[in-house]
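Chains as they are written, first to last, in the UniProt record's numbering: chain A, 1 to 219; chain B, 1 to 219. These notes concern the structure reproduced below.
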DNA sequence: TTGATCGCGATTGGCTCCAATGTAGCTGAA
DNA sequence: TTCAGCTACATTGGAGCCAATCGCGATCAA
């Protein structure tokens, strides 16, 4: 399941959540302008909660606000994308270490199922949805607020580029990704933190290096 | 120099910036409630830009918003503080590696000066100001947006606890801190990234362990 | 034809008023 | 005395209106 639009909270948070999902689904590519009035009309609200939602998404790094001018879906330079992947190389193994001790049997089964399903998928958008669920679920055992939010923010910021990259992955690249999924789940099952962190680090590093080979995807 | 209230941007950003500084200066201890109307009156504005400023500070982790209820200066649990320090152990050496190549001679001189001044200071608030400047300046050579912002956010979130901790540091603890300052500047001067990262890592780790010995500072 | 300048329209920023919600204090009965 | 329920107030959330600002296009001169 994708992240559903939360019914909790006030309008600004609901709008931010829904807008975040639609940006992550690729409905607004990087560089697209977003008008307060359009969003307000979509949600049947006034512009005020939309302005607050924009502030939330700006802090998430998903949109860029310019005073008196407007809001645009954020673009990344290749350098910024590399920064994010270097950060993830440092942080995610730590988060996985927290998570690996507490994953339940049903969560591990679901991870297996996701890895198997992704192997046979043809649709890139469906792949991205499952990949996101795999990613979030593998960290679900870590009962951390700050660490988890930090990783989630970094992941979201690069979603557009993950999409573009996924669409041009050759069959061999796909095979590597699928192997990594299966190996990671196996390490999680064995509660082998060292092995899990090693596989994860390798995956992130490999992706970072491959993205660097496609500078045309960036500004 | 403290972080000055930016004159750039619109009211909500100016208010957020000024409020951030005053929280970091300790004028609103953790758990303090902040009313929209009070802030609006302080800045001669209506509540609207204040509401946007609150959203910005919430994303910074400095205040906590509860719908229909109010805003409070964030508190940290010991576990969250440990999370932050573990993150910093992973991230800051990376940031220092970027910075060490580009620090100018005048920046290095200022770092020397700061280290020496802090050694003779008696006033904790003045120490915190200089410590913050030292921290920011040592990373000034890193021309990174995302990495730098992430570290700045983590640093800000723990400022209250750094304050409380500084006030109860014994003379021996102070001596260690001062030694670390001087050693770090020396490594920076020699452009010795490995040594700089080692010293920085040791400093953060030591502080994390010492904070864990004072659980009474936290919730 | 090209460049700069002026003005208009589109869009965002901000204020005031009103509605909704949560909290605290009071009243009453067990 | 204590606890439950109710009422009133303080505070936040939201809508509409007006002002400020920016970008774009038209106009004019070189």
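Each residue gets a CB set at the ideal place from its N, CA and C atoms; glycine is no exception.
Check	Outcome
Is the shortest distance between the beta-carbon of residue 150/B and the beta-carbons of chain A less than 8 Å?	yes
Is the Cβ-Cβ distance between residue 146/A and residue 80/B less than 8 Å?	yes
So within the region 30 to 61 of chain B, which uninterrupted alpha helix (DSSP H) runs reach at least 4 residues, ignoring any that extend past its ends?	36 to 43 and 47 to 60
Kindly indicate the opening and closing residues of the alpha helix (DSSP H) around residue 164/B.	159 to 167
Please name the residue, chosen from 98/A, 111/A and 153/A, that lies closest to residue 58/A on a Cα-to-Cα basis.	153/A
Kindly identify the DSSP beta-bridge partner or partners of residue 155/A.	The partner list for residue 155/A (beta bridge, DSSP) is empty, contrary to what the question assumes.
Taking Cβ-Cβ distances below 8 Å as the criterion, which residues of the region 127 to 153 of chain A are in contact with chain B?	144, 145, 146, 147 and 150
Residue 115/A: which of 100/A, 101/A and 132/A sits nearest, CA to CA?	132/A
Contact criterion: CB-CB distance below 8 Å. Does residue 10/B meet it with respect to chain A?	yes
Just to confirm my understanding: we take residue 46/A, look at its own chain, exclude 5 residues before and 5 after, and list those with CB closer than 8 Å. What are they?	40
Check whether the region 62 to 78 of chain A and the region 155 to 164 of chain A are in contact - that is, three or more C-beta pairs closer than 8 Å.	yes
What residues from the region 14 to 39 of chain B come within 8 Å of chain A, judged by C-beta to C-beta, listed N to C?	none
Report all residues from its chain with a CB closer than 8 Å to the CB of residue 161/A; omit the five preceding and five following residues, and keep chain order.	76, 81, 211, 217 and 218
Using a Cβ-based criterion (distance less than 7 Å to any ligand heavy atom), does residue 85/B qualify as near the ligand FMN?	This structure simply doesn't include the ligand FMN, nor any ligand for that matter.
Taking a Cβ distance cut-off of 7 Å, strictly less, list which residues of the region 84 to 95 of chain B are near chain A, in chain order.	84, 86, 87, 90, 91 and 94
On a CA-only basis, which of 123/B, 70/B and 37/B is nearest residue 50/B? Give me that one, please.	37/B
Within this structure, are the beta carbons of residue 85/B and residue 199/B separated by less than 8 Å?	no
Pick helix, strand or coil for residue 201/A, following the three-state DSSP scheme.	helix
So with Cβ pairs under 8 Å, would you call residue 55/A a contact of chain B?	yes
Please classify residue 106/B as buried or exposed, where buried requires at least 16 other C-beta atoms within 10 Å of its C-beta.	exposed
For residue 78/B, which residues in the same chain have their Cβ closer than 6 Å to its Cβ, ignoring the five residues on either side in sequence?	215 and 218
How is residue 207/B classed by DSSP in three states: helix, strand or coil?	helix
Three-state secondary structure (DSSP) at residue 66/A?	strand
Any idea if residue 122/B is buried or exposed, counting beta-carbon neighbours within 10 angstroms, 16 or more meaning buried?	exposed
Is it the case that the Cβ atoms of residue 187/A and residue 97/A are separated by a distance below 8 Å?	no
When you compare the CB of residue 6/A with every CB in chain B, is at least one pair closer than 8 Å?	Low confidence applies to residue 6/A: its pLDDT is 34, below 50, so where it sits in the model is not reliable, and the reading given next is rough at best. It does not; no Cβ of chain B falls within 8 Å.
Helix, strand or coil, according to DSSP, for residue 140/A in the structure here?	coil
Within this structure, are the beta carbons of residue 245/A and residue 12/A separated by less than 8 Å?	The requested residue 245/A does not occur in the structure, where chain A is confined to residues 1 to 219.
Note down, in chain order, each residue of its chain lying with its Cβ closer than 8 Å to the Cβ of residue 108/B, except the 5 sequence neighbours on either side.	185, 188 and 189
Which of the three DSSP states, helix, strand or coil, is assigned to residue 71/A?	strand
Sorted by chain position, which residues of the same chain lie with C-beta nearer than 8 Å to residue 130/A's C-beta, five sequence neighbours on each side aside?	114, 117, 118 and 121
Please tell me whether residue 212/B has its Cβ less than 8 Å away from any Cβ of chain A.	no
Name the chain B residues whose beta carbon is nearer than 7 Å to that of residue 51/A?	52
Closer than 7 Å by beta-carbon distance: list the chain B residues that pair up with residue 80/A, in chain order.	145 and 146
Could you tell me whether any Cβ in chain A is nearer than 8 Å to the Cβ of residue 193/B?	no
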